[in-house]
Every structure is written in C-alpha cells, then in structure tokens.
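What follows is a short report on a single structure.
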Amino acid sequence: MEVYEAIKTRRSTRIFDKKEVERDKLNQIIEAGRFAPSGGNSQSTHFIVIQSEEILSELAEIVMEEFAKMDITEGMYRSLVASINASKRGDYVFHYHAPVLIVTANKTGYGNNIADCACALENMMLMANALDLGSCWINQLKWLNQNERVVAFLKRLGLNDDEIVCGSLSVGYSKSESGLPNRQVSKRTGNPVTFVD
Ligand SMILES: Cc1cc2nc3c(=O)[nH]c(=O)nc-3n(C[C@H](O)[C@H](O)[C@H](O)COP(=O)(O)O)c2cc1C
C-alpha cells in the first residue's frame, strides 16, 4: 500500500474479531512504532504488547472499576465523561475486546514523552492498515496514568518505575463481513491550512 493511501484510508476500528494477529504482522507493526522519530533521537518509548486474553480482561475490569469511582466535573473532557458513565453502568471495556493492546510509555519527566509516543502510535496505525488490520488509539490508560491500582498492575506487566503511560493502541482484525478495516475516507472539515508565500 502506498503511504498516502495508507494515511487517507486509516480509520479507527472499534469492533474486533477474536482472531489472533499473526506474529509476523504484529512484529511489523511494533517495528513501525520503533522506527518512529523521537526528540533528540532519544528512542525511549517503551512498547508493552499485551496479548493475553486473561490479562486484557483483568485490566479492563480494573479500568472500569477505577473510572466508576470518579466524579464527573464541569468542563470535563467529553470522552472521559463517556468512559466514567459507561463504567458506572458496569458495561465498559476500554480496549473494545481487541486481541492485542500495545501500551506506549515513556520517561516521566521527558518533555517529548507524549509527542514521541504519538509518532509511534501513528506509525503503528498506518502499518496495521497496510496489513489489513484494524486499530484504534486508546487513551484511557493515559487518563489513569496516576491511578495507583492501574499503575501497579501495569508495573507487573513491565512498566518501569521511571515511565508513564502516554497512549495505547488496540489492534486486531475488524469484525466486518470482509474482515477488513473500514477504509472509507473521512472528509476533512477542520484542520485549516494557511499558506504564506
Ligand atoms: C490523541 C487521540 C486519542 C484518542 N483516544 C481514543 C480513545 O480513547 N478511544 C477511542 O475509541 N478512540 C480514540 N481516538 C480515536 C479518535 O476518536 C478518531 O481518530 C477520530 O474520531 C477520527 O476517526 P478516524 O480515526 O476513524 O479517522 C483517539 C485519537 C487520538 C488522536
């Protein structure tokens, strides 16, 4: 797939098939993330790749319980409110049952930690699309990256003491008739461009 086509046809997938992601495809996605640029070439993004259904379920349960404890406040980010409300209802699975969740973390005090992880996440989304896999950026673990219970659980999975979660990515085959991700190009109505000649 041409790069421009991969960029234009990349869409978020939120309904996943249980089908396992082949190891060679997963490796290519992770390598695409690892080859993203980083500030000062620091290469400090840490990829924690979770494929265990049991661990993913346990993590989803903890996330739901922790969101359910939170109060909704005025001006709170809309998506966070939706996560809290769904969690209070008891039917929230933040990673959409994807068979793979790639958590990106970076050094806590490093000024480019989120920017570097964002570059890696975008590279991985494009690679997933090129490999006929769906993906979706998942921000819930970032919102909970100060939550003691979530952090303790992630540390058991390999998060280091000097790292903070910046974002994560659900990856898997789309549960569509064709098995392919939705690739309908979405119109741009924002993102203004100012040319200065
Ligand atoms: C920084 C960032 C955070 C996002 N967080 C979430 C999320 O937590 N859950 C989710 O379902 N989608 C999340 N998304 C996906 C966006 O909702 C999605 O990219 C947007 O609606 C445009 O749709 P498209 O990806 O299909 O083009 C996130 C995207 C970005 C860039």
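One point on numbering: in our numbering, the residue at position 77 of the sequence shown is 145, and numbering is uninterrupted.
Built from N, CA and C at the ideal position, the CB exists for glycine as well.
Note that this is a predicted model, so its numbers are computed, not measured.
Exercise. Looking only at C-alpha atoms, which of Ser106, Met195 and Phe135 sits nearest to Lys156?
Worked result: Residue Phe135 is the option with its Cα nearest to Lys156.
Exercise. So, is Lys255 buried or exposed, given that buried needs 16 or more other C-beta atoms within 10 angstroms?
Worked result: exposed
Exercise. Taking the C-alpha atoms as reference points, what is the distance between Ala154 and Asp265?
Worked result: Cα to Cα, Ala154 sits roughly 49 Å from Asp265.
For this session: Count the other C-beta atoms from every protein chain shown that fall within 10 angstroms of the C-beta of Met144, then say buried if there are 16 or more, exposed otherwise.
Result: Counting Cβ neighbours within 10 Å, Met144 comes out exposed, since fewer than 16 surround it.
Problem set entry | Residue burial classification, Ile140 (beta-carbon count within 10 angstroms, cutoff 16) | Exposed is the call here.
Exercise. What distance in whole Å lies between the Cβ atoms of Ile116 and Leu227, which are believed to be in contact at a cut-off of 8 Å?
Worked result: Yes, Leu227 and Ile116 are in contact; Cβ-Cβ is about 6 Å, under 8 Å.
Exercise. Run through DSSP, which three-state label would Ala166 get?
Worked result: coil
For this session: Quick one: using the 10 Å Cβ neighbour count with 16 as the cut-off for buried, is Gly108 buried or exposed?
Result: Counting Cβ neighbours within 10 Å, Gly108 comes out exposed, since fewer than 16 surround it.
Problem set entry | Bounding residues of the beta strand (DSSP E) (the contiguous stretch that carries Gly235) | In the DSSP assignment, Gly235 falls within the beta strand (DSSP E) that extends over Glu231 to Gly240.
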